[in-house]
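Below is one structure, written out as structure tokens, with a few remarks after it.
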Ligand SMILES: *Cc1c(COP(=O)(O)O)cnc(C)c1O
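Here it is as structure tokens:
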């Protein structure tokens with residue numbers, strides 16, 4: 426970051442940002458890329474570059490973009506969401522997608538876009554294989570619709586499935602990847618798509634106040650992330666499995682080991698355990714300096730990454746043993 430060549434990215438003149446955008450686009454098999462401040466901005470620019478007021482997006486009810494981004498595409502773009510239930514991996518039923526497409530009739534919003542996510546955060550970071558994307562692509566093609574893929578954790582999915590990420594991204598018109606989740610860069614995401622769509626997204630990024638000047642200082646870390654952090658994601662997945670196996674041996678906890686396929690581990694307290702997850706989370710933090718997320722009354726989410734390896738996994742297991750007894 427300290428030696429990155431810089432320029433004014435609002436004029437397209439930051440060589441480091443340009444290099445990051447080209448590199449990401451090449452990795453995902455797309456024509457062009459756009460460096461954005463966050464995953465949220467990636468989804469917003471991706472969706473709004475392809476859908477506008479009165480258009481409808483078909484999406485899983487528990488996607489990050491619908492559920493956890495302040496309703497951004499509705500708030501800022503007037504785009505309506507039609508939410509469908511998802512299965513244990515985060516897939517919508519294909520017939521339900523087809524049935525959700527509106528006829529061309531003034532009563533209805535225009536069905537413009539299908540918004541997908543991989544890996545699927547709400548389903549324990551489940552990796553979804555390319556077959557689903559190929560199937561959704563044929564539905565989109567039949568109805569002249571586009572596909573946006575929230576790939577904030579796409580590399581985790583690709584590593585877990587042992588496929589080139591292009592095998593999945595090829596079915597989407599726009600794809601975002603996040604540099605600051607498992608890939609560990611401090612800031613940023615990249616949206617990729619055709620030159621035309623990315624030009625439109627660049628305009629929207631400007632409107633959102635996301636045009637950053639000497640952004641190469643951030644993009645430099647993004648290039649390091651792409652070069653050196655994807656190859657080690659398997660370690661995070663391995664550590665997550667080790668953690669899950671340790672948790673399965675703790676009597677007051679329940680975990681479905683089949684759900685642990687990337688770096689996220691969802692687990693819960695057994696029903697008759699008297700204390701709440703929040704209570705345990707604060708004890709883990711105050712007594713052992715271990716941070717775990719709670720989700721609802723009885724459930725937890727733990728995530729492994731570059732800074733949480735084998736010894737931290739062991740530390741969490743030891744601390745949980747003590748906190749639960
Ligand atoms: C984190 C995340 C986002 C949002 O990224 P931010 O950088 O926090 O805005 C979007 N989608 C998924 C699947 C994520 O995990």
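In our numbering, the protein residues as written are 426 to 750. In this text, a Cβ means the ideal position worked out from N, Cα and C, and glycines have one as well.
### Task
Return the bridge partner residues of residue 689 from the DSSP annotation.
728
### Message
Determine whether the beta carbon atoms of residue 616 and residue 432 lie at a separation below 8 Å.
### Response
no
### Task
Evaluate residue 526 with the Cβ neighbour count: other Cβ atoms within 10 Å of its Cβ, from every protein chain shown; 16 or more gives buried, anything less gives exposed.
buried
### Task
Compare the beta carbon distance of residue 686 and residue 729 with 8 Å and say whether it is the shorter of the two.
no
### Task
State the start and end residues of the unbroken alpha helix (DSSP H) segment that holds residue 654.
Counting along the chain, residue 654 falls outside any alpha helix (DSSP H), and DSSP gives it neither H nor E.
### Query
In chain order, what residues have a CB nearer than 5 Å to some heavy atom of ligand 1?
463, 464, 465, 489, 546, 575, 577
### Query
Using the beta-carbon count (16 or more within 10 Å), is residue 594 buried or exposed?
buried
### residue 757 - partner residues in DSSP beta bridges
In the structure as shown, the chain begins at 426 and stops at 750. Residue 757 is therefore absent and cannot be evaluated.
### Within 8 Å, strictly: CB atoms of residue 497 and residue 543
no
### Query
For the beta strand (DSSP E) that residue 480 lies in, which residues bound it at each end?
480-485
### Message
Can you tell me where the alpha helix (DSSP H) holding residue 637 begins and where it ends?
### Response
Here residue 637 belongs to no alpha helix (DSSP H), and DSSP marks it neither H nor E.
### Task
Run through the region 530-579 for me and flag every whole beta strand (DSSP E) of 3 or more residues, listed as ranges in chain order.
535-542, 571-576
#### Entry: Distance between residue 465 and residue 494 (C-alpha atoms, nearest Å)
6 Å
### Query
With burial defined as no fewer than 16 other Cβ atoms inside 10 Å of the residue's Cβ, what is the status of residue 428: buried or exposed?
exposed
#### Entry: Residue burial classification, residue 510 (beta-carbon count within 10 angstroms, cutoff 16)
exposed
### Task
Write down the C-beta distance between residue 475 and residue 573 rounded to the nearest angstrom, noting that I regard them as a contact closer than 8 Å.
7 Å
### Task
For the region 443-451 and the region 626-635, state whether three or more C-beta atom pairs, one from each stretch, are separated by less than 8 Å.
no
#### Entry: Contacting residues, own chain, Cβ-Cβ under 6 Å from residue 608 (five flanking each side not counted)
650, 654
### Query
Whose C-beta lies closer than 8 Å to the C-beta of residue 489 among residues of the same chain, with five residues either side of it excluded?
464, 468, 542, 546, 547, 575, 577
#### Entry: the region 559-571 contacting the region 585-603, beta-carbon criterion three pairs below 8 Å
yes
#### Entry: Proximity below 8 Å, CB of residue 682 to CB of residue 669
yes
### Task
Select from 506, 486, 693 the residue whose C-alpha is nearest the C-alpha of residue 533.
506
### Task
Please name the residue in 709, 605, 694 whose C-alpha comes closest to that of residue 579.
605
### Query
How is residue 694 classed by DSSP in three states: helix, strand or coil?
strand
### Reduced DSSP secondary structure (H/G/I, E/B, other) of residue 720
strand
### Euclidean distance between Cα positions of residue 709 and residue 436
48 Å
### Query
Where does residue 711 land, buried or exposed, given buried means 16+ other C-beta within 10 angstroms?
exposed
### Query
Of all the beta strand (DSSP E) runs that stay within the bounds of the region 442-477, which reach a length of 3 or more residues?
457-461
### Task
Using alpha carbons as the reference points, say which of 663, 727, 588 lies closest to residue 693.
727
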